[in-house]
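A.B. asks: Input: one structure, supplied below.
2 protein chains.
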Amino acid sequence: MPARQVPDIVIGRLPVYLRMLTHLMAENKLVVSSKELGQRLNISAAQIRKDLSYFGGFGKQGAGYNVASLHAELSRILKVEEIRSVVLIGVGDLGRALAHYGGFANEGFQVTTLLDNDPNKIGTQIGHLTVEDVRELEPIIRERGIQIAVITTPAHAAQGIADACIRAGVRAILNYAPITLQVPEHVRVQYTDPVMHLQRMTYYL
Amino acid sequence: MPARQVPDIVIGRLPVYLRMLTHLMAENKLVVSSKELGQRLNISAAQIRKDLSYFGGFGKQGAGYNVASLHAELSRILKVEEIRSVVLIGVGDLGRALAHYGGFANEGFQVTTLLDNDPNKIGTQIGHLTVEDVRELEPIIRERGIQIAVITTPAHAAQGIADACIRAGVRAILNYAPITLQVPEHVRVQYTDPVMHLQRMTYYL
DNA sequence: TAGATTGTTAATCGATTAACAATC
DNA sequence: TAGATTGTTAATCGATTAACAATC
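Taken in sequence, the protein lines are chains F and L. Our numbering numbers the first residue of the first sequence as 145 and each following residue consecutively. Our numbering numbers the first residue of the second sequence as 145 and each following residue consecutively.
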């Protein structure tokens, strides 16, 4: 429960801070200053202090921040202390790669459900999961109470899948399909598209 | 050659406009207004007009924008008319998925080089490419004049790979490894990490 | 204590929006 | 022509930075 309205752009930096704190813990670093954090993340020290101050005073003057306790605070703020179920729709190469991805463990997420529309894929095993029929999407998501969906279908299918997910109760979508989704206000969407990222850089070449 | 300094945040929206224009061309739509574009992309019409005005006046009062010619203008501005070679380092599940990805064609990019450090992978075929030895990274990138790298290695290897790429002449990096890279000013980096995206949304759940 | 660093305020900087004359 | 929509300016809004008292 934030004390005041926190800008979304601030929320977007918290996972970056959290990731660096995880890294510092692995290095057995006990304390870190906003200055050092900033240098490692290419963010100004003032911005880091300001971002954190939306949620409280976590540091100690003259010393900096305790790495472990700031890590715990950010985990709490981002609500990634408990594991959340994720449904992944579209078991192509990318979907398969994400299903295998080891980086979700310990970061608050677990892919628990794989869906596809291809009869040749439905029923097959990927890791320890069985691919299920996308026609069962709504009841499956509802029954399992899943709030997060990852869409790795072709572009033409993505909007329909998103609509169905939302009807079933999904409130956060990570969309890998190269299309802008139309969603109601209460649903969050994040996009990731390698072409967008690359095109954004070639301008400067 | 932009007329004046264009904010990076504006450059970041141009690929989104371009993608929608590609979509509209496939729908055989000849003309589109900033209002309609905005509705489809969840961006205000004023912002679209302002963004485009950094580069010139591409529209027609009372009518809107010619879809095909705005598409051509944006392709030119983003320099994605010619195909650019991309090196991909780290042929794990994700690297393999990107190597197979069909979405680069027609969008200005082609993965031409695959590198890995695993002797079991070096020499194998992926699609029509052969995985090469990452120890040859610098000469390969130099000889082939590659300016764009996609890093899909584990986090601990990513900074070293980035350094080597930059020494060899790379100026744009798309980094899938979950780590913030330190790079000189003349090098652009884009990040994509599913954990970051998901954590950014769970705050709102 | 002296040095370092926080948390916060005010100033600056930059991005978005609203409005409208120009004009197709 | 009348209606629609652009390109642009000025106003608004929001984010970042600089500065520093507080204090560990």
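Ideal placement from N, C-alpha and C gives every residue a C-beta, glycine not left out.
With 16 as the cutoff for other CB atoms within 10 Å, does His330 (chain L) come out buried or exposed?
C.D. replies: exposed
A.B. asks: Taking 8 Å as the cut-off, does the stretch 308 to 325 of chain F touch the stretch 321 to 336 of chain L (at least 3 CB pairs, one atom from each stretch)?
C.D. replies: No, they do not touch.
A.B. asks: Just to confirm my understanding: we take Ile284 (chain F), look at its own chain, exclude 5 residues before and 5 after, and list those with CB closer than 7 Å. What are they?
C.D. replies: Thr257, Glu276
A.B. asks: Give a yes or no on contact between the stretch 191 to 200 of chain F and the stretch 152 to 168 of chain F, applying the rule of three or more CB pairs nearer than 8 Å.
C.D. replies: yes
A.B. asks: Please compile the residues from chain L whose C-beta is within a distance smaller than 8 Å of the C-beta of Tyr347 (chain F).
C.D. replies: Ile155, Leu158, Ile221, Leu222, Lys223
A.B. asks: Any beta carbon from chain F within less than 8 Å of Val339 (chain L)'s own beta carbon?
C.D. replies: yes
A.B. asks: For chain L, check one thing: does any of its Cβ atoms lie closer than 8 Å to the Cβ of Glu251 (chain F)?
C.D. replies: yes
A.B. asks: Compute the Euclidean distance between the alpha carbons of Gly182 (chain L) and Tyr335 (chain L), then round it to the nearest angstrom.
C.D. replies: Going from the Cα of Gly182 (chain L) to the Cα of Tyr335 (chain L) covers about 26 Å.
A.B. asks: Flag Arg315 (chain L) as yes if its beta-carbon sits less than 8 Å from any beta-carbon of chain F, otherwise no.
C.D. replies: yes
A.B. asks: Taking the beta carbon of Thr346 (chain L) as the centre, do at least 16 other beta carbons fall within 10 Å, making it buried, or is it exposed?
C.D. replies: buried
A.B. asks: Does the distance from the C-beta atom of Ile221 (chain F) to that of Phe253 (chain F) stay below 8 Å?
C.D. replies: No, the Cβ-Cβ distance between Ile221 (chain F) and Phe253 (chain F) is not below 8 Å.
A.B. asks: Where does the unbroken beta strand (DSSP E) through Leu214 (chain L) begin, and where does it stop?
C.D. replies: Segment 211 to 221 is the alpha helix (DSSP H) holding Leu214 (chain L); no beta strand (DSSP E) there.
A.B. asks: Strictly below 7 Å CB to CB, what residues from chain L border Gly182 (chain F)?
C.D. replies: Near Gly182 (chain F) there are no residues of chain L at all, since even the closest Cβ is about 11 Å away, more than 7 Å.
A.B. asks: If you compare alpha carbons, which of F:Arg332, F:Gln269, F:Glu225 is closest to Glu251 (chain F)?
C.D. replies: F:Glu225
A.B. asks: At a cut-off of 7 Å, is Glu329 (chain F) close to the ligand GTP when judged by its beta-carbon and the heavy atoms of the ligand?
C.D. replies: Because no ligand of any kind appears in the structure shown, any question about the ligand GTP cannot be addressed here.
A.B. asks: Excluding sequence positions up to five away, which residues of its chain have a Cβ less than 6 Å from the Cβ of Ser188 (chain L)?
C.D. replies: Correct list, in chain order: Gly182.
A.B. asks: Going by DSSP in three states, Ile285 (chain F) sits in which element: helix, strand or coil?
C.D. replies: In the structure shown, Ile285 (chain F) falls within a helical segment according to DSSP collapsed to helix, strand and coil.
A.B. asks: Using a cut-off of 9 Å between C-beta atoms, extract the partners of Gln303 (chain L) located in chain F.
C.D. replies: Per Cβ cutoff of 9 Å: no residues; Gln303 (chain L) is ~11 Å from chain F at best.
A.B. asks: Note down, in chain order, all residues in the stretch 319 to 330 of chain F with a beta-carbon under 8 Å from any beta-carbon belonging to chain L.
C.D. replies: Residues passing the 8 Å Cβ filter: Pro322, Ile323, Thr324, Gln326.
A.B. asks: What residues from the stretch 233 to 265 of chain L come within 8 Å of chain F, judged by C-beta to C-beta, listed N to C?
C.D. replies: Gly236, Asp237, Leu238, Arg240, Ala241, Leu242, His244, Tyr245, Gly247, Phe248, Glu251, Gly252, Phe253
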